[in-house]
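Heads up, the thing below is written out as structure tokens.
Residue numbers (the UniProt record's numbering): 1 to 62.
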């Protein structure tokens, strides 16, 4: 059985995820997040995944 995925509680990742969800999609988002929020590549990818969940929940629940 697989282990449950650990949730990243880094506030910078959460803020970046919210920022991505609030802005239109762009092709160069990972380098932009790394520069704007001082994130690692992994953190920037986690922020993008979090933003996708935020967008999905907004569509589902308004």
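From the three backbone atoms N, C-alpha and C, an ideal C-beta is built for every residue, glycine too.
Note down the Cα distance separating residue i from residue j, rounded to an integer number of angstroms.
{"i": "residue 65", "j": "residue 2", "result": "Nothing about residue 65 can be read from this structure; the chain reaches only from 1 to 62."}
{"i": "residue 45", "j": "residue 30", "result": "7 Å"}
{"i": "residue 61", "j": "residue 53", "result": "12 Å"}
{"i": "residue 47", "j": "residue 33", "result": "8 Å"}
{"i": "residue 24", "j": "residue 49", "result": "15 Å"}
Going by DSSP, what residue range makes up the alpha helix (DSSP H) through residue i?
{"i": "residue 50", "result": "41–61"}
{"i": "residue 31", "result": "29–37"}
{"i": "residue 11", "result": "11–22"}
Can you check whether the CB of residue j is closer than 7 Å to the CB of residue i?
{"i": "residue 20", "j": "residue 51", "result": "yes"}
State buried or exposed for residue i, treating a residue as buried only when at least 16 other CB atoms are found within 10 Å of its CB.
{"i": "residue 43", "result": "buried"}
{"i": "residue 56", "result": "exposed"}
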